[in-house]
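Protein chains: 2
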Amino acid sequence: MVEDVVRTLGFLCLGSRLRRIGERLQADTQQVIDEAGVGIQAGQYPFLAAIDRAGPLTIGELAQAVGITQPGVTRTIGQLLELGFVDMQSAPDDQRRRLVSLSDKGQELVDHSKATIWPCVAAAVADLCGDLDGPILEQLAAIEDGLAALPLIRRSTVAGPHALSTAQ
Amino acid sequence: MVEDVVRTLGFLCLGSRLRRIGERLQADTQQVIDEAGVGIQAGQYPFLAAIDRAGPLTIGELAQAVGITQPGVTRTIGQLLELGFVDMQSAPDDQRRRLVSLSDKGQELVDHSKATIWPCVAAAVADLCGDLDGPILEQLAAIEDGLAALPLIRRSTVAGPHALSTAQ
DNA sequence: GAATGTTATATAACACGTTATATATTTGCA
DNA sequence: TGCAAATATATAACGTGTTATATAACATTC
Numbered sequence: 164m165v166e167d168v169v170r171t172l173g174f175l176c177l178g179s180r181l182r183r184i185g186e187r188l189q190a191d192t193q194q195v196i197d198e199a200g201v202g203i204q205a206g207q208y209p210f211l212a213a214i215d216r217a218g219p220l221t222i223g224e225l226a227q228a229v230g231i232t233q234p235g236v237t238r239t240i241g242q243l244l245e246l247g248f249v250d251m252q253s254a255p256d257d258q259r260r261r262l263v264s265l266s267d268k269g270q271e272l273v274d275h276s277k278a279t280i281w282p283c284v285a286a287a288v289a290d291l292c293g294d295l296d297g298p299i300l301e302q303l304a305a306i307e308d309g310l311a312a313l314p315l316i317r318r319s320t321v322a323g324p325h326a327l328s329t330a331q
Numbered sequence: 164m165v166e167d168v169v170r171t172l173g174f175l176c177l178g179s180r181l182r183r184i185g186e187r188l189q190a191d192t193q194q195v196i197d198e199a200g201v202g203i204q205a206g207q208y209p210f211l212a213a214i215d216r217a218g219p220l221t222i223g224e225l226a227q228a229v230g231i232t233q234p235g236v237t238r239t240i241g242q243l244l245e246l247g248f249v250d251m252q253s254a255p256d257d258q259r260r261r262l263v264s265l266s267d268k269g270q271e272l273v274d275h276s277k278a279t280i281w282p283c284v285a286a287a288v289a290d291l292c293g294d295l296d297g298p299i300l301e302q303l304a305a306i307e308d309g310l311a312a313l314p315l316i317r318r319s320t321v322a323g324p325h326a327l328s329t330a331q
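As given, the protein sequences belong to chains A and B, one line each in that order. Anchor point for the first sequence: position 65 equals 228 in the working numbering, and the numbering is continuous, going up by one each time. Anchor point for the second sequence: position 66 equals 229 in the working numbering, and the numbering is continuous, going up by one each time.
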């Protein structure tokens with residue numbers, strides 16, 4: 164077995180390491196979402212949550228809210244438009260701004276998710292790292308080891324269309 | 164100003180958040196590398212470091228060492244081959260395996276980096292988060308705030324070809 | 001020892017972030 | 001008023017991760 168250099172190098176590779184763990188966590192979260200039978204990508208949720216919390220937002224405001232650049236927002240909102248979860252219209256006072264709002268279908272998805280998937284994911288992640296403390300490198304090691312020992316989806320129980328096949 | 168939903172949602176968006184911080188850290192690290200006049204990508208360093216530490220490694224071993232999937236390794240090693248930092252040859256006993264080793268130029272780069280860039284990056288990251296403690300969400304908030312207050316490159320001092328322009 | 005399965009790497013297609021730049025609208029000032 | 005600058009979004013090109021699959025070499029089994 165080859166040593167994990169990214170872990171060994173510590174602070175020097177912290178960027179790579181955070182990315183790597185984030186990708187792993189998002190992939191695991193995606194499993195929970197798929198399990199619940201919701202046809203959406205994990206990375207699209209923050210956009211819907213932002214609009215749900217703040218009301219209709221422009222592309223630029225969404226970029227601030229979600230913390231990515233404007234072209235990334237434009238693309239993801241394009242997908243959510245295709246999927247019918249959001250609507251977009253020009254702001255009446257400024258034709259450059261596009262106001263993005265939740266469609267009925269989008270609001271339903273958010274309401275359903277708030278009641279089922281989101282608490283489960285949050286609880287599973289909290290189970291993974293909620294009690295951790297101490298230096299960040301040690302916590303990250305614990306998170307990686309924890310995910311290897313028991314993936315996120317095994318730490319959550321979502322009631323959904325496929326619940327029977329996964330309930331233990 | 165719009166609220167940062169990814170931060171607000173806490174454990175629910177931890178994956179997105181780790182990715183986002185990791186990307187930011189890597190981009191900041193890239194600035195330090197560029198400043199030092201080394202023509203390499205931040206994400207390529209762990210590959211060189213792995214071979215430096217363990218000796219020649221196969222594609223599969225590199226995937227383990229760096230913690231990404233095999234196609235990702237194949238691509239990055241292709242780039243490092245183009246750049247002349249590594250050599251690749253089939254293993255004598257098993258023609259399927261490709262042994263990747265540091266070229267003279269690659270070994271020089273690693274030796275130089277070990278003496279200059281790497282300690283600076285590690286020190287800058289340690290300055291950012293070395294003294295942190297407590298729950299991970301709080302530490303992540305401190306890291307994001309810290310980067311916004313003083314980017315990584317302002318926390319490091321690299322002696323390099325452009326040192327004059329950046330020394331304070 | 002030829003067929004079959006397994007393993008290691010390469011390639012293709014895609015996801016989703018970035019930077020750089022184009023376009024459309026609004027703002028501000030001579 | 002009309003034109004230059006600023007702002008908001010869209011688009012293009014790229015980086016780097018993923019999964020799925022193809023290919024080549026080795027291992028096994030009858």
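Virtual Cβ for every residue (Gly too), placed ideally from N, Cα, C. None of these values were measured; they are calculated from a predicted model.
- Contact check for A:S276 and A:G247: beta-carbon distance about 16 Å, past the 8 Å limit, so the pair fails to qualify.
- Of A:R183, A:P209, A:T239, A:G173, the smallest CA-CA separation from B:A212 is found for A:G173.
- The beta-carbon of B:G206 is placed less than 8 Å from the nearest beta-carbon of chain A.
- In this model, B:D290 and A:D308 are separated by some 26 Å (Cα to Cα).
- Look at A:Q204 here: in three-state DSSP terms it is coil, with no helix or strand label.
- Of the candidates A:I203, A:A226, A:R182, A:I280, the residue whose Cα lies closest to the Cα of B:D167 is A:A226.
- The residue among B:K268, B:I196, B:R259, B:R170 with its C-alpha nearest the C-alpha of B:W281 is B:I196.
- Per DSSP, reduced to three states, the secondary structure at A:R259 is coil, with no helix or strand assignment.
- Interface flag for B:D197 against chain A is unset, since no Cβ pair is found closer than 8 Å.
- Taking CB atoms only, B:I184 has a neighbour in chain A less than 8 Å away.
- With respect to chain B, the C-beta atom of A:I299 has a partner C-beta closer than 8 Å.
- Any Cβ of chain A closer than 8 Å to the Cβ of B:Q189 would place that residue at the interface, and such an atom is present.
- Here B:L313 is actually not in contact with A:A285; their C-beta atoms are around 32 Å apart, not less than 8 Å.
- Checking the DSSP bridge columns, you'll see B:Q252 partnered with B:L262.
- Between the alpha carbons of B:K268 and B:G206 lies a distance of about 18 Å.
- Residue burial is scored here from C-beta neighbours: B:T232 has fewer than 16 other C-beta atoms within 10 angstroms and is therefore classed as exposed.
- Taking each of B:T171, B:L188, B:G200 in turn and checking the Cα distance to B:T279, the smallest one comes out for B:G200.
- In the DSSP assignment, the residues bridged to B:T221 are B:L262.
- Residue A:S253 holds the alpha-carbon nearest to the alpha-carbon of A:I222 among A:Q193, A:R216, A:S253, A:I203.
- Using a Cβ-Cβ cut-off of 8 Å, A:S179 counts as an interface residue toward chain B, since at least one Cβ of chain B sits closer than that to its own.
- When Cβ-Cβ separations below 8 Å define contact, A:G293 makes contact with chain B.
- Taken atom to atom, the span from the alpha-carbon of A:I214 to that of B:Q193 is near 34 Å.
- In this structure, DSSP gives A:E166 a state outside helix and strand, which the three-state scheme calls coil.
- The beta carbons of B:C292 and B:I306 sit closer together than 8 Å.
- No Cβ of chain B is located within less than 8 Å of the beta carbon of A:V273.
- Non-local beta-carbon contacts of B:D250 in its own chain, meaning distances under 6 Å to residues more than five positions away in sequence, involve S264, S266 in chain order.
- Neighbours of B:Q227 across chain A, judged by C-beta separation under 8 Å: M164, V165, D167.
- Annotation for A:L315: D191, A287 place their beta carbon closer than 6 Å to its own, counting only its chain and skipping 5 residues before and after.
- Under the Cβ distance rule, B:G247 does not count among the residues neighbouring chain A, no pair being separated by less than 8 Å.
- Per DSSP, the continuous alpha helix (DSSP H) segment holding A:A289 begins and ends at 280-292.
- Here B:T237 has I222 as same chain residues with Cβ atoms under 7 Å from its own Cβ, once five neighbours each way along the sequence are excluded.
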